[in-house]
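Residue numbers (our numbering): 62 to 208.
We treat Cβ as the ideally placed atom computed from N, Cα and C, and that holds for glycine.
Right under this line is the structure:
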């Protein structure tokens, strides 16, 4: 499979523009070369920032995204730019996690997806851990690796 001919506009683009307003249109995907194999793809993003919808103060988090791809996979640079787009977006932690999960499901329809955020408050040292799990077609399937 020749991935170089896929519709990827961000990868290798030296004129990258950074959007700081939530934009799921930044996400791009490509064909999974191994759709018959169940394997995890994992991303760690230590620089996630969004705004509290009440105080408008920044919230910081480290995000962990794990998924088992089906036919499509998310392109990593587009994922990074998409996550940057939450910079000026005001939403509660669990709403951000659910938006990210919904957008990735819409983009790829993965066999399994987990989005996990470890949030630290700008004004305190409290940690909040959130997890959103979704499976293919939202059928309630467990991880394909859980037996």
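- Around the beta carbon of residue 119, a 10 Å sphere encloses fewer than 16 other beta carbons of the protein chains shown; the residue is thus reported as exposed.
- Shown here, residue 97 sits in coil according to DSSP, grouped into three states, outside any helix or strand.
- Secondary structure within the region 81–155: the beta strand (DSSP E) runs of 3 or more consecutive residues, fully enclosed, are 90–92, 102–112, 119–129 and 133–135 (chain order).
- With fewer than 16 neighbouring CB atoms inside 10 Å of its own CB, residue 86 falls in the exposed class.
- Assignment of residue 160 by DSSP, reduced to helix, strand and coil, places it in the helix class.
- Residue 166 and residue 172 have their C-alpha atoms roughly 9 Å apart.
- Spanning the alpha carbons of residue 79 and residue 149 requires a straight line of approximately 12 Å.
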